[in-house]
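Read the structure below first, then the notes.
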Amino acid sequence: MLEHSVTLELIQKAQDGNETAKSELIEQNSPLIKSVIRRYRNKGVDYDDLYQLGCIGFLKAIRNFSASFGVRFSTYAVPMIAGEVKRFLRDDGYIKVSRSVKSLAGKISYFVETYKNEHGESPDMETVAAAFDVEPQEAVFALDSTKFPVSLYEKTDDEHGQSLMDKIAAKETVEDNLDKIVLKDAIASLDAREKKIVLLRYFRDKTQSEVARVLGVSQVQVSRLENKIIEKLKHMFM
C-alpha cells in the first residue's frame, strides 16, 4: 500500500485526468479491492466481473474523494467498492437492458448461428459489428444482455480461445469499455430534450448559444438545463 501523502498526490493527479496515476492507484490498491469483493463470491457472478465492479467503485472513490473529509482514502474507498457490488447484485445486473438492445441481441444471435453453420466457426466481434453497423462494444453489450451472469472474459469457441473482450479493438482498455457502456446507459435515461442537449454540446461541439438557437430558447436557459443534466448524471454514477 502507498504512503498516505503519496496516495493523496496520485489522487489529485488522477482527478486532473492523469491516467497513469489512476492506473497506479488501482494496481497498488488491488489487494484492498480484492479483500472487499471476496465476501461476495459464490453469488452467481464471475470473479473477474466482481473485480471490475470493485474497480468501478474504486474509480468513483478517486473521483469524489477530498482530503477535507478527514479520513484515509482506503477508509473512504471500502464502502464505495462494496456499494458498487451490492448495487449490481440488488438490481440483477449493472446494465439495464432496453427493448432495442434485446432486439439487437436476438438478431446478432441468429446471425452468429447462421455464420457458424456457413463458415464452421464463430464470427469475431468486428464482423458482427459491421453486419449491424454498430460499434464492437455495442455488439458485446447486446450479446451479454441476453444472459446473466455472463462474463466479458468468457472464452469463445474460436481457435485462439479468445474472450469476447479480447475481440474488441485492442487500443481500448476494459475500463474504457465499461465506462462507455455505463455512460451510454445513463444518457439513455434522459428525456428527449436532455439527450439533444448532450448530443449537440458534447458530441457535436456546439456552443450554448448555438444550442439555444436550435432549441428556440435563450443561452441562459441552455446553461441551466446543462447544469441540471450534469447533476443528474453525477447522481447516477454515485
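To convert, count from 1 in the sequence shown and add 212; that's my numbering.
Ideal Cβ placement from N, Cα and C applies to all residues, glycine included.
All figures in this text were calculated on a predicted structure; none of them were measured in a lab.
Test item: CB-CB of residue i and residue j under 8 Å
i	j	result
Ile320	Ala342	no
Tyr259	Ile245	no
Lys418	Leu412	yes
Val340	Val324	yes
Phe190	Ile223	With the chain represented from 213 up to 450, any question about residue 190 goes unanswered, as that position is not in the structure.
Gly266	Val297	yes
Same chain, Cβ closer than 7 Å to residue i, neighbours up to 5 away in sequence not counted
i	result
Lys255	Leu301
Asn230	none
Thr232	none
Arg275	Gln227
Ala381	Only weak support is given to the placement of Ala381: the predicted model assigns it a pLDDT of 44, under 50, and the question is left unresolved by the model.
Leu445	Ala398
Residues near residue i in its chain [Cβ-Cβ closer than 6 Å; skip 5 each side]
i	result
Lys234	Ala226
Arg253	none
Glu443	none
Lys383	Residue confidence is low: Lys383 scores 47 on pLDDT, short of 50, so the model does not pin down where it sits. Its coordinate-derived value is still stated next. So the list is empty, once near-sequence residues are dropped.
Ala463	Coverage of the chain is limited to positions 213 through 450, which leaves residue 463 absent and any answer about it impossible.
Met292	Gly269, Lys272, Ala273
Gly332	none
Lys328	Ser334
Close-in-space but distant-in-sequence residues of the same chain around residue i (CB under 8 Å, 5 per side omitted)
i	result
Ala424	Ser430, Gln431, Gln433, Val434
Val410	Ile399, Leu402, Ile441
Ala279	Leu220
Gln420	Arg413, Gln431, Val434, Ser435, Glu438
Phe452	With the chain running from 213 to 450 in the structure shown, residue 452 is simply not present.
Point to revise | Cβ contact (3+ pairs, closer than 8 Å) linking the stretch 227-242 and the stretch 269-285 | key: yes
Next on the checklist: Is it the case that the stretch 436-449 contacts the stretch 400-419, given that we only count it when at least three CB pairs across the two stretches are under 8 Å?
Outcome noted: yes
Quiz item: If we count Cβ pairs, one from each stretch, closer than 8 Å, do we get three or more for the stretch 214-228 versus the stretch 279-298?
Solution: yes
Subject >> Unbroken stretches of the alpha helix (DSSP H), 4 residues or longer, contained in the stretch 311-355 >> reply: 311-331, 337-344
Open item on the list: For a minimum of 4 consecutive residues, which ranges assigned as the alpha helix (DSSP H) are wholly contained in the stretch 266-309?
Closed with: 285-302
Give the list of continuous alpha helix (DSSP H) stretches no shorter than 4 residues that lie fully inside the stretch 218-261. 231-240, 242-249
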